[in-house]
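Residue numbers (the numbering used here): 1 to 579. Everything on this sheet refers to the single structure shown next.
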Amino acid sequence: MFVFSSSFSVFFFTIILGLAWRHREPHLYPDVILGVIAKSLWLSWLIVNISYYTTFGEYLNFFIILIVVFISINLFLKNYPSCYIFKKRKYISFLAALLVIGLFMLSASYTDYYSLIFQRWDTVVSWNRWATEISENTFHPMNAAYPVFFPGLWSLVYEVQSDNSIWIMAKSIMLIFPIILMVTIYSLLLREKLLSVFLLIIVINIIFFSGNFYYLTSGYMDYPVAAMILVSMILLYLSSVDDDSSNNERANELLLFSIVFASLAAITKQAGILSFVPIVYYMASKYIDKTILVEKLAFYLFVLIFPIIMFLIMFFLEEDNIFGNADVLKKLVVSKTTDSNVYLNAFNIMHQKFPMPLTFSLIAFSMLNIFNLKKITGQLGMLLFIMSAIGFFIFADCCSYDQRNGIWIFSFLVVSVLFGLFEFDNLTKVGLGGCVSIHAKYLVGFILVFSFSVSILFGVNVSEKSIRNLQYNEQIKIGSEGINNLLLRHRDKLGPNGVIVSFYQLTGWLPGMKNKYKLCYGHKDACVLNTLDTLPGSLVLVGKGRRDYPGARKYFTKDKFLGRYGVYELYGPFNEGRG
Numbered sequence: 001m002f003v004f005s006s007s008f009s010v011f012f013f014t015i016i017l018g019l020a021w022r023h024r025e026p027h028l029y030p031d032v033i034l035g036v037i038a039k040s041l042w043l044s045w046l047i048v049n050i051s052y053y054t055t056f057g058e059y060l061n062f063f064i065i066l067i068v069v070f071i072s073i074n075l076f077l078k079n080y081p082s083c084y085i086f087k088k089r090k091y092i093s094f095l096a097a098l099l100v101i102g103l104f105m106l107s108a109s110y111t112d113y114y115s116l117i118f119q120r121w122d123t124v125v126s127w128n129r130w131a132t133e134i135s136e137n138t139f140h141p142m143n144a145a146y147p148v149f150f151p152g153l154w155s156l157v158y159e160v161q162s163d164n165s166i167w168i169m170a171k172s173i174m175l176i177f178p179i180i181l182m183v184t185i186y187s188l189l190l191r192e193k194l195l196s197v198f199l200l201i202i203v204i205n206i207i208f209f210s211g212n213f214y215y216l217t218s219g220y221m222d223y224p225v226a227a228m229i230l231v232s233m234i235l236l237y238l239s240s241v242d243d244d245s246s247n248n249e250r251a252n253e254l255l256l257f258s259i260v261f262a263s264l265a266a267i268t269k270q271a272g273i274l275s276f277v278p279i280v281y282y283m284a285s286k287y288i289d290k291t292i293l294v295e296k297l298a299f300y301l302f303v304l305i306f307p308i309i310m311f312l313i314m315f316f317l318e319e320d321n322i323f324g325n326a327d328v329l330k331k332l333v334v335s336k337t338t339d340s341n342v343y344l345n346a347f348n349i350m351h352q353k354f355p356m357p358l359t360f361s362l363i364a365f366s367m368l369n370i371f372n373l374k375k376i377t378g379q380l381g382m383l384l385f386i387m388s389a390i391g392f393f394i395f396a397d398c399c400s401y402d403q404r405n406g407i408w409i410f411s412f413l414v415v416s417v418l419f420g421l422f423e424f425d426n427l428t429k430v431g432l433g434g435c436v437s438i439h440a441k442y443l444v445g446f447i448l449v450f451s452f453s454v455s456i457l458f459g460v461n462v463s464e465k466s467i468r469n470l471q472y473n474e475q476i477k478i479g480s481e482g483i484n485n486l487l488l489r490h491r492d493k494l495g496p497n498g499v500i501v502s503f504y505q506l507t508g509w510l511p512g513m514k515n516k517y518k519l520c521y522g523h524k525d526a527c528v529l530n531t532l533d534t535l536p537g538s539l540v541l542v543g544k545g546r547r548d549y550p551g552a553r554k555y556f557t558k559d560k561f562l563g564r565y566g567v568y569e570l571y572g573p574f575n576e577g578r579g
């Protein structure tokens with residue numbers, strides 16, 4: 001039951017829950033899927049907040065059953081609008097589907113880069129730490145407002161499991177991104193945006209798949225926020241195109257899908273809030289043109305800002321400075337700068353994995369929007385180019401110590417090009433023929449049946465014991481496996497109240513080490529000595545340089561030496577304080 005409930009919760013919080021928030025207008029079925037995923041994630045963040053402030057998390061399994069029953073009743077009553085499929089030239093639609101499936105299989109070839117659990121430093125000691133804290137109704141942020149949307153989602157899985165030591169299912173939530181990206185391409189393909197599809201295939205493969213699939217699904221938030229921004233801006237593009245063709249109601253609902261993804265991007269990482277600018281501009285334009293009602297505009301604004309407001313409330317209850325680490329980041333940028341000019345250095349870092357000629361080509365094609373400024377599509381295209389330029393300067397000043405911090409800039413730039421290619425895309429249409437509507441119950445039913453089937457398959461074939469063994473075997477590999485083995489080999493030497501003192505923060509995330517670790521930063525000798533005096537039976541892992549405790553070295557005698565790996569040495573146990 002453990003495996004079934006935890007795996008089904010992943011489906012529930014990423015797609016099933018969104019079925020309870022029904023779409024209003026008929027759409028192409030890829031658009032419906034994007035909308036359902038977006039709404040499901042948005043509603044899941046609402047549940048995160050309710051659970052954080054209350055004991056609601058204890059009843060999540062009951063809540064999941066209740067919502068599934070509600071959706072099933074609506075499915076039986078046929079309370080879902082239709083969606084579109086193609087009626088004529090079905091072979092073209094079939095080939096389009098094959099192309100997308102092929103792309104998905106191409107992305108699946110990168111699954112060798114997928115890790116079953118959180119492995120890298122920040123994903124473990126920051127992002128997943130916040131997830132475990134939120135699942136326990138606590139939150140200890142850094143002295144800077146790093147959003148915690150995905151840690152919040154992981155915390156819901158932990159609450160369903162009643163165990164935050166098993167990370168495998170929570171981590172699998174990150175696999176939603178390859179799906180979202182593939183469905184987005186499929187949506188453009190069925191609209192015969194052939195130039196746009198060709199461009200997106202190239203860019204998505206370079207940014208998200210080729211060599212970066214690990215980062216997209218690892219638990220780092222840089223590539224997920226880039227994907228969120230990209231999908232949000234593409235939906236904004238589709239909304240403006242439909243609006244331009246006088247299909248106002250469908251345009252408004254596509255705008256809602258865009259807004260939901262943008263609101264989630266803002267609580268994925270700080271850069272996501274920049275996606276608000278083109279969306280608000282477009283909403284203002286629609287209000288001026290009287291193509292959106294005031295009531296609907298107010299609702300859309302609520303959907304846009306509610307998630308970030310809820311995060312800020314959560315943050316300010318614990319901290320008071322959203323830019324607390326700005327100086328540290330700037331110093332890090334300076335230390336990593338190899339060129340005399342910080343902007344030149346940032347430009348070079350951005351292109352460590354992204355071809356520079358492609359960037360110049362994207363900039364050139366985005367300039368096509370200048371010739372279409374009388375239309376909203378041209379205005380949005382230029383605005384997105386401006387956002388990418390602003391993003392570059394932000395990246396250069398604060399975050400250009402690592403290429404992944406600026407990958408989201410390309411999301412704005414690429415969609416700016418899509419706007420620029422709008423008229424050319426219309427010239428390349430081959431004619432898929434007319435459309436016919438089918439009842440959405442088939443899509444809704446498929447989602448429910450597929451989710452249940454996969455979860456049951458996991459539950460029947462994978463035992464809780466095997467999941468725990470797999471978690472253990474993967475967990476001992478986080479960070480340095482050599483250091484981990486040294487610590488685990490001597491774990492039994494800890495006293496009843498003893499802890500391992502170290503600057504190696506992954507110690508606290510090794511199997512059986514929860515609440516058995518004390519972080520003392522390098523050269524913080526008083527921290528070490530105080531711990532040894534107050535927690536007898538402790539061990540000390542000491543390194544070199546900034547990992548050293550020079551003032552406490554005299555207590556690390558030969559008779560206390562337990563082992564060495566690299567620059568790290570383990571001493572103890574200190575059963576009577578420092579002695």
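Beta carbons are placed, not taken as given, at the ideal position from N, Cα and C, and that holds for glycine.
Item to check | Cβ contact check for the region 197-209 and the region 374-393: 3 or more pairs under 8 Å | outcome: Touching, no.
Checklist entry - Residues bridged to I500 by DSSP? => result Here residue 500 corresponds to residue number 500 of the sequence shown, with the count starting at 1. Under the DSSP definition of a beta bridge, I500 partners with Y517 and L539.
Checklist entry - Alpha carbon to alpha carbon, how far is Y401 from V69? => result Taking the first residue of the sequence shown as 1, we reach residue 401 at position 401. Taking the first residue of the sequence shown as 1, we reach residue 69 at position 69. For Y401 and V69, the distance between alpha carbons rounds to 49 Å.
Next on the checklist: Using DSSP's beta-bridge definition, name the partner residues of R589.
Outcome noted: The question about residue 589 has no answer, for the chain in this structure spans 1 to 579.
Next on the checklist: Give me the residue from L28, S172 and G420 with the minimum Cα distance to L189.
Outcome noted: Numbered from 1 along the sequence shown, position 189 holds the residue referred to as residue 189. The option with the nearest alpha carbon to L189 is L28.
Next on the checklist: I'd like the ranges of any alpha helix (DSSP H) spanning at least 4 consecutive residues and lying wholly in the region 116-182.
Outcome noted: Whole alpha helix (DSSP H) segments, 4+ residues: 129-135, 149-161 and 168-171.
Checklist entry - Given that a residue counts as buried once 16 or more other Cβ atoms are within 10 Å of its Cβ, and exposed if not, what is S416? => result To locate residue 416, count along the sequence shown from 1; it is residue 416. Under this definition S416 is a buried residue.
Checklist entry - Who pairs with V574 in a beta bridge, going by DSSP? => result Sequence index remark: in the sequence shown, residue 574 carries index 574 (1-based). The sequence given here has Phe at residue 574, not Val. According to the DSSP secondary-structure assignment, F574 is paired through a beta bridge with S538.
Checklist entry - Would you say L17 and L43 are within 8 Å of each other, going by their C-beta atoms? => result Start at 1 with the first residue of the sequence shown, and residue 17 comes out as number 17. Start at 1 with the first residue of the sequence shown, and residue 43 comes out as number 43. Closer than 8 Å, so yes.
Next on the checklist: Taking the alpha helix (DSSP H) that S366 belongs to, which residues open and close that run?
Outcome noted: Position 366 of the sequence shown, counted from the first residue, corresponds to residue 366. Residues M356 to S366.
Checklist entry - Can you tell which of M314, Y113, S155 and A284 has the C-alpha that lies nearest to the C-alpha of S218? => result Against the sequence shown, residue 218 aligns to sequence position 218. Among M314, Y113, S155 and A284, the Cα nearest to that of S218 is on Y113.
Next on the checklist: Quick check: G572 and L539, are their CB atoms within less than 8 Å of each other?
Outcome noted: Your numbering for residue 572 matches position 572 in the sequence shown. Your numbering for residue 539 matches position 539 in the sequence shown. Taking 8 Å as the Cβ cut-off, G572 and L539 qualify as a contacting pair.
Next on the checklist: Going by DSSP in three states, F556 sits in which element: helix, strand or coil?
Outcome noted: By one-based count along the sequence shown, residue 556 stands at place 556. Coil, per DSSP.
Next on the checklist: Restricting to Cα atoms, I'd like to know which of R22, L256, V48 and W154 is closest to N74.
Outcome noted: Translated into the one-based positions of the sequence shown, residue 74 becomes position 74. For the residues R22, L256, V48 and W154, the minimum Cα distance to N74 belongs to R22.
Item to check | Where the alpha helix (DSSP H) containing S453 begins and where it ends | outcome: Here residue 453 refers to the residue found at position 453 of the sequence shown. For S453, the enclosing alpha helix (DSSP H) begins and ends at K441 to N461.
Next on the checklist: Please tell me whether F257 and G35 are closer than 8 Å, where the distance is taken between their beta carbons.
Outcome noted: To locate residue 257, count along the sequence shown from 1; it is residue 257. To locate residue 35, count along the sequence shown from 1; it is residue 35. Contact check for F257 against G35 passes: the beta carbons are separated by less than 8 Å.
Item to check | Inter-residue Cα distance where the pair is A227 and A144 | outcome: Position 227 of the sequence shown, counted from the first residue, corresponds to residue 227. Position 144 of the sequence shown, counted from the first residue, corresponds to residue 144. Take the alpha-carbon of A227 and the one of A144: they are about 23 Å apart.
Checklist entry - Going by alpha carbons, who is nearest to F149 out of Y237, F13, V183 and V280? => result The residue you call residue 149 lines up with position 149 of the sequence shown. Taking only the C-alpha atoms, the option nearest F149 is F13.
Next on the checklist: For Q471 and F446, I'd like the C-alpha separation in whole angstroms.
Outcome noted: Residue 471 sits at position 471 when you count from the first residue of the sequence shown. Residue 446 sits at position 446 when you count from the first residue of the sequence shown. Q471 and F446: Cα-Cα distance of roughly 31 Å.
Next on the checklist: Cutting at 7 Å between CB atoms, please list the residues of its own chain near L535, excluding the five before and the five after it.
Outcome noted: Position 535 of the sequence shown holds residue 535. Excluding sequence neighbours, L535 sits near N497, G498 and V499.
Item to check | Rounded separation between L580 and S285 - CA only | outcome: It is not possible to answer for residue 580, since the shown part of the chain is limited to 1 through 579.
Item to check | Terminal residues of the alpha helix (DSSP H) in which Q475 lies | outcome: As a first step, residue 475 must be located in the sequence shown, where it is residue number 475. It spans E464 to Q475 - the alpha helix (DSSP H) in which Q475 sits, taken as one unbroken run.
Next on the checklist: Using only CA atoms, which one of K353, C398, F311 and I363 lies nearest to F323?
Outcome noted: Looking up residue 323 in the sequence shown gives position 323. By alpha-carbon distance to F323, the top candidate from K353, C398, F311 and I363 is C398.
Item to check | Burial state of R553, where buried means 16 or more other Cβ atoms lie within 10 Å | outcome: If you number the sequence shown from 1, residue 553 lands on position 553. Exposed: under 16 other Cβ atoms inside 10 Å.
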